[in-house]
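Take a look at the structure set out below.
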Amino acid sequence: MKKYLYLRPVYVLMIIILFCCTSKHKISDKPHILLITGGHSFDTIQFFEMFYDFEDMDVDTISQPQANALLETDELKKYDVLVFYDMWQDITDQQKTGLLGLLKEGKGMVFLHHSLVSYQGWDEFIYIIGGRYNLENDRMDTSKISGFEHDLDIKARIINKTHPITSNMPDFTIHDEGYYNIEIIPAVHPLLEVNHPSCAKCVAWTNKYENSRIVYILLGHDRHAYQNESFRLLVENAVKWSNLKIPDD
21 MKKYLYLRPV YVLMIIILFC CTSKHKISDK PHILLITGGH SFDTIQFFEM FYDFEDMDVD
81 TISQPQANAL LETDELKKYD VLVFYDMWQD ITDQQKTGLL GLLKEGKGMV FLHHSLVSYQ
141 GWDEFIYIIG GRYNLENDRM DTSKISGFEH DLDIKARIIN KTHPITSNMP DFTIHDEGYY
201 NIEIIPAVHP LLEVNHPSCA KCVAWTNKYE NSRIVYILLG HDRHAYQNES FRLLVENAVK
261 WSNLKIPDD
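Residue numbers (the numbering used here): 21 to 269.
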(Lines of atoms letter the chains of each structure in order from A and count residues from 1; the text may use other names and numbers.)
(Lines give C-alpha, C1' and ligand atoms only; values in the text may rest on other atoms or scores of the structure.)
Protein backbone atom coordinates (compact mmCIF):
# COMPACT_ATOMS: atom_id res chain seq x y z
CA MET A 1 0.00 0.00 0.00
CA LYS A 2 2.79 2.41 0.88
CA LYS A 3 4.53 1.58 -2.39
CA TYR A 4 1.36 2.40 -4.32
CA LEU A 5 0.95 5.71 -2.54
CA TYR A 6 4.59 6.58 -3.26
CA LEU A 7 4.41 5.83 -6.97
CA ARG A 8 1.11 7.55 -7.57
CA PRO A 9 2.56 11.12 -7.82
CA VAL A 10 5.17 9.78 -10.21
CA TYR A 11 2.46 8.46 -12.51
CA VAL A 12 0.66 11.78 -12.32
CA LEU A 13 3.87 13.60 -13.21
CA MET A 14 4.44 11.29 -16.18
CA ILE A 15 0.92 11.96 -17.44
CA ILE A 16 1.46 15.72 -17.15
CA ILE A 17 4.75 15.50 -19.06
CA LEU A 18 3.18 13.39 -21.81
CA PHE A 19 0.27 15.82 -22.08
CA CYS A 20 2.58 18.81 -22.37
CA CYS A 21 4.69 17.10 -25.03
CA THR A 22 1.57 16.17 -26.99
CA SER A 23 0.24 19.73 -26.77
CA LYS A 24 3.51 21.18 -28.03
CA HIS A 25 3.48 18.74 -30.91
CA LYS A 26 -0.01 19.86 -31.89
CA ILE A 27 1.03 23.50 -31.77
CA SER A 28 4.07 22.81 -33.94
CA ASP A 29 1.83 21.18 -36.55
CA LYS A 30 0.29 24.59 -37.25
CA PRO A 31 2.00 26.74 -39.89
CA HIS A 32 3.97 29.46 -38.12
CA ILE A 33 3.57 32.51 -40.32
CA LEU A 34 4.98 36.02 -40.25
CA LEU A 35 2.90 38.90 -41.65
CA ILE A 36 5.09 41.64 -43.08
CA THR A 37 3.59 45.09 -43.56
CA GLY A 38 4.87 48.62 -44.13
CA GLY A 39 5.06 51.32 -46.77
CA HIS A 40 1.32 51.47 -47.48
CA SER A 41 -1.69 52.23 -45.31
CA PHE A 42 -4.42 49.62 -44.85
CA ASP A 43 -7.37 48.76 -42.62
CA THR A 44 -5.15 47.40 -39.88
CA ILE A 45 -7.69 45.90 -37.48
CA GLN A 46 -9.68 44.04 -40.12
CA PHE A 47 -6.56 42.78 -41.88
CA PHE A 48 -5.02 41.25 -38.78
CA GLU A 49 -8.41 39.91 -37.66
CA MET A 50 -8.62 37.94 -40.89
CA PHE A 51 -5.41 36.08 -40.07
CA TYR A 52 -6.22 35.66 -36.39
CA ASP A 53 -9.50 34.04 -37.45
CA PHE A 54 -7.52 31.28 -39.20
CA GLU A 55 -7.63 28.85 -36.29
CA ASP A 56 -5.01 26.47 -37.67
CA MET A 57 -2.21 29.04 -37.96
CA ASP A 58 0.18 30.67 -35.50
CA VAL A 59 0.61 34.30 -36.55
CA ASP A 60 3.31 36.87 -35.78
CA THR A 61 3.50 40.36 -37.28
CA ILE A 62 6.28 42.79 -38.14
CA SER A 63 6.59 45.97 -40.21
CA GLN A 64 9.29 47.43 -42.41
CA PRO A 65 12.15 48.22 -42.12
CA GLN A 66 12.45 45.84 -39.16
CA ALA A 67 11.36 42.92 -41.36
CA ASN A 68 14.18 43.37 -43.85
CA ALA A 69 16.67 43.77 -41.02
CA LEU A 70 15.81 40.20 -40.00
CA LEU A 71 16.98 39.00 -43.42
CA GLU A 72 20.49 39.64 -42.13
CA THR A 73 19.92 37.17 -39.26
CA ASP A 74 18.62 33.61 -38.81
CA GLU A 75 15.39 34.79 -37.16
CA LEU A 76 13.17 34.13 -40.18
CA LYS A 77 14.16 30.47 -40.39
CA LYS A 78 11.71 29.61 -37.61
CA TYR A 79 8.74 30.60 -39.78
CA ASP A 80 7.05 28.23 -42.20
CA VAL A 81 5.55 30.95 -44.39
CA LEU A 82 6.24 34.65 -44.92
CA VAL A 83 3.20 36.69 -45.97
CA PHE A 84 4.12 40.00 -47.59
CA TYR A 85 1.61 42.83 -47.42
CA ASP A 86 4.24 45.54 -47.63
CA MET A 87 5.08 48.00 -50.39
CA TRP A 88 8.77 48.59 -49.84
CA GLN A 89 11.72 49.69 -51.98
CA ASP A 90 14.79 49.75 -49.72
CA ILE A 91 16.71 46.48 -49.60
CA THR A 92 20.46 46.04 -49.20
CA ASP A 93 22.60 43.50 -51.01
CA GLN A 94 22.95 41.56 -47.77
CA GLN A 95 19.18 41.50 -47.34
CA LYS A 96 18.72 40.31 -50.92
CA THR A 97 21.16 37.49 -50.19
CA GLY A 98 19.18 36.62 -47.08
CA LEU A 99 15.89 36.45 -48.98
CA LEU A 100 17.42 34.35 -51.76
CA GLY A 101 18.83 32.02 -49.11
CA LEU A 102 15.36 31.46 -47.66
CA LEU A 103 14.06 30.64 -51.13
CA LYS A 104 16.80 28.06 -51.61
CA GLU A 105 15.73 26.48 -48.32
CA GLY A 106 12.15 26.20 -49.57
CA LYS A 107 10.52 28.89 -47.43
CA GLY A 108 6.88 29.39 -48.42
CA MET A 109 6.00 32.93 -49.46
CA VAL A 110 2.65 34.57 -50.15
CA PHE A 111 2.51 38.08 -51.64
CA LEU A 112 -0.67 40.14 -51.41
CA HIS A 113 -1.95 43.11 -53.39
CA HIS A 114 0.43 46.09 -53.16
CA SER A 115 3.49 43.90 -52.54
CA LEU A 116 3.57 43.74 -56.35
CA VAL A 117 4.90 47.32 -56.25
CA SER A 118 7.91 46.46 -54.06
CA TYR A 119 11.59 46.59 -55.08
CA GLN A 120 11.29 48.41 -58.39
CA GLY A 121 15.08 48.64 -58.56
CA TRP A 122 15.75 44.94 -57.97
CA ASP A 123 15.53 43.16 -61.31
CA GLU A 124 15.39 39.66 -59.80
CA PHE A 125 12.30 40.37 -57.71
CA ILE A 126 9.90 40.04 -60.64
CA TYR A 127 11.05 36.43 -61.08
CA ILE A 128 10.42 35.70 -57.40
CA ILE A 129 6.92 37.12 -57.11
CA GLY A 130 6.02 36.44 -60.74
CA GLY A 131 5.12 39.94 -61.85
CA ARG A 132 5.47 43.67 -61.27
CA TYR A 133 3.38 46.80 -60.93
CA ASN A 134 5.46 49.39 -62.80
CA LEU A 135 5.70 52.80 -61.18
CA GLU A 136 6.38 55.79 -63.38
CA ASN A 137 10.03 56.76 -63.74
CA ASP A 138 12.17 58.76 -66.16
CA ARG A 139 13.66 55.66 -67.82
CA MET A 140 10.43 53.79 -68.50
CA ASP A 141 8.35 53.72 -71.65
CA THR A 142 5.07 55.37 -70.64
CA SER A 143 3.11 52.52 -72.26
CA LYS A 144 4.46 50.16 -69.57
CA ILE A 145 3.33 52.22 -66.57
CA SER A 146 0.77 50.39 -64.45
CA GLY A 147 -2.39 51.89 -62.97
CA PHE A 148 -5.11 51.25 -60.41
CA GLU A 149 -8.76 51.98 -59.78
CA HIS A 150 -10.64 51.82 -56.49
CA ASP A 151 -14.10 50.47 -55.65
CA LEU A 152 -14.56 47.94 -58.40
CA ASP A 153 -17.07 45.11 -58.26
CA ILE A 154 -14.96 42.32 -59.66
CA LYS A 155 -16.24 38.91 -60.74
CA ALA A 156 -13.45 36.38 -60.28
CA ARG A 157 -13.50 33.08 -62.15
CA ILE A 158 -11.56 30.02 -61.04
CA ILE A 159 -9.24 29.00 -63.88
CA ASN A 160 -7.75 25.89 -62.31
CA LYS A 161 -10.43 23.93 -60.46
CA THR A 162 -8.05 21.09 -59.58
CA HIS A 163 -5.31 23.11 -57.89
CA PRO A 164 -5.29 22.70 -54.07
CA ILE A 165 -5.64 26.46 -53.56
CA THR A 166 -8.82 26.78 -55.62
CA SER A 167 -10.30 23.27 -55.76
CA ASN A 168 -12.80 24.01 -52.95
CA MET A 169 -13.71 27.46 -54.24
CA PRO A 170 -16.57 28.63 -56.47
CA ASP A 171 -16.42 31.71 -58.69
CA PHE A 172 -17.08 34.82 -56.61
CA THR A 173 -17.63 38.58 -56.66
CA ILE A 174 -15.55 40.98 -54.60
CA HIS A 175 -15.54 44.75 -54.03
CA ASP A 176 -11.90 45.72 -54.34
CA GLU A 177 -9.19 47.74 -56.03
CA GLY A 178 -7.95 46.67 -59.44
CA TYR A 179 -4.50 46.96 -61.00
CA TYR A 180 -4.07 47.15 -64.75
CA ASN A 181 -1.20 47.08 -67.24
CA ILE A 182 0.97 45.02 -64.89
CA GLU A 183 3.80 42.72 -65.94
CA ILE A 184 3.37 38.96 -65.46
CA ILE A 185 6.15 36.54 -66.35
CA PRO A 186 5.23 33.55 -68.57
CA ALA A 187 6.36 30.98 -65.99
CA VAL A 188 3.53 31.60 -63.51
CA HIS A 189 0.47 29.34 -63.21
CA PRO A 190 -2.77 31.39 -63.20
CA LEU A 191 -5.45 30.56 -60.63
CA LEU A 192 -8.06 33.31 -61.03
CA GLU A 193 -9.08 35.57 -63.86
CA VAL A 194 -11.42 38.53 -64.19
CA ASN A 195 -12.98 40.40 -67.08
CA HIS A 196 -12.89 44.06 -66.12
CA PRO A 197 -11.43 46.99 -68.12
CA SER A 198 -9.75 48.45 -65.01
CA CYS A 199 -8.13 45.27 -63.79
CA ALA A 200 -5.54 42.81 -65.08
CA LYS A 201 -7.07 39.58 -66.37
CA CYS A 202 -5.03 37.34 -64.06
CA VAL A 203 -5.48 38.24 -60.38
CA ALA A 204 -3.87 35.25 -58.64
CA TRP A 205 -1.09 32.89 -59.60
CA THR A 206 1.50 30.47 -58.28
CA ASN A 207 5.19 30.56 -59.04
CA LYS A 208 8.23 28.45 -58.24
CA TYR A 209 11.53 30.06 -57.32
CA GLU A 210 14.45 27.88 -56.26
CA ASN A 211 12.85 25.39 -53.83
CA SER A 212 9.98 27.61 -52.67
CA ARG A 213 6.32 27.71 -53.53
CA ILE A 214 5.22 31.28 -54.23
CA VAL A 215 1.67 32.65 -54.41
CA TYR A 216 0.64 36.14 -55.50
CA ILE A 217 -2.91 37.48 -55.03
CA LEU A 218 -3.68 40.86 -56.59
CA LEU A 219 -6.86 41.28 -54.54
CA GLY A 220 -6.95 42.58 -50.97
CA HIS A 221 -6.96 46.38 -50.81
CA ASP A 222 -9.11 47.02 -47.74
CA ARG A 223 -11.70 45.69 -45.28
CA HIS A 224 -14.20 44.95 -48.06
CA ALA A 225 -11.80 42.30 -49.31
CA TYR A 226 -10.66 41.08 -45.88
CA GLN A 227 -14.28 40.39 -44.91
CA ASN A 228 -15.08 38.56 -48.14
CA GLU A 229 -15.35 34.85 -47.32
CA SER A 230 -14.01 33.75 -50.71
CA PHE A 231 -10.97 36.01 -50.38
CA ARG A 232 -10.33 34.66 -46.89
CA LEU A 233 -10.47 31.10 -48.14
CA LEU A 234 -8.16 31.97 -51.02
CA VAL A 235 -5.56 33.45 -48.66
CA GLU A 236 -5.84 30.60 -46.17
CA ASN A 237 -5.40 27.99 -48.89
CA ALA A 238 -2.46 29.91 -50.35
CA VAL A 239 -0.63 29.95 -47.02
CA LYS A 240 -1.20 26.24 -46.44
CA TRP A 241 -0.14 25.27 -49.96
CA SER A 242 3.03 27.36 -49.89
CA ASN A 243 3.98 25.55 -46.67
CA LEU A 244 3.61 22.15 -48.35
CA LYS A 245 0.69 21.36 -46.00
CA ILE A 246 -1.41 20.65 -49.07
CA PRO A 247 -0.07 18.39 -51.87
CA ASP A 248 0.82 20.03 -55.16
CA ASP A 249 -1.58 19.81 -58.09
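Glycine included, every Cβ here is placed at the ideal spot set by N, Cα and C.
Could you pull out every residue in the same chain whose Cβ sits closer than 7 Å to the Cβ of residue i, ignoring the five residues on either side in sequence?
i	result
F168	E197, G198, Y199
W142	I111, K116
A258	V130, I185, V235, I237
C219	L172, I174, G198, Y199, Y200
K44	Any reading at K44 must be qualified, since the residue scores a pLDDT of 36, below 50, and its modelled position is unreliable; no value is offered.
I205	I146, Y147, G150, G151
Q114	E92
Grab the span of the alpha helix (DSSP H) containing residue i for me, first residue to last.
i	result
T64	64-72
G121	113-124
L254	249-262
Y147	145-149
N88	86-89
So residue i and residue j are supposed to be a Cβ contact under 8 Å. How far apart are they, rounded?
i	j	result
D100	I53	6 Å
V223	A176	6 Å
Y147	Y229	7 Å
N180	V208	Between V208 and N180 the Cβ distance is about 12 Å, and since that is not below 8 Å, they are no contact.
S166	N157	The pair is not a contact, with the Cβ atoms about 12 Å apart (cut-off 8 Å).
D80	R243	That pair is no contact at about 22 Å.
P326	M70	Look at the range of the chain in this structure, 21 to 269, and you will see that residue 326 is not part of it.
Within the same chain, show all residues whose beta-carbon is closer than 8 Å to that of residue i, passing over the 5 residues directly before and after it, in chain order.
i	result
F145	S138, Y139, R152
L253	N188, M189
K221	E213, V214, N215
Kindly indicate the opening and closing residues of the beta strand (DSSP E) around residue i.
i	result
E169	167-178
D78	78-83
D106	101-106
T57	52-58
L132	128-132
Classify residue i: buried if its beta carbon has 16 or more other beta carbons within 10 angstroms, exposed otherwise.
i	result
R159	exposed
G126	exposed
H170	exposed
Spatial neighbours of residue i within its chain, please: C-beta separation below 6 Å, excluding the five flanking residues on both sides.
i	result
G240	L132, H133
H60	M107, H134
Next on the checklist: Quick check on the DSSP output: what are the complete beta strand (DSSP E) runs of length 3 or more inside the stretch 177-250, in order along the chain?
Outcome noted: 192-200, 209-214, 222-229, 232-237
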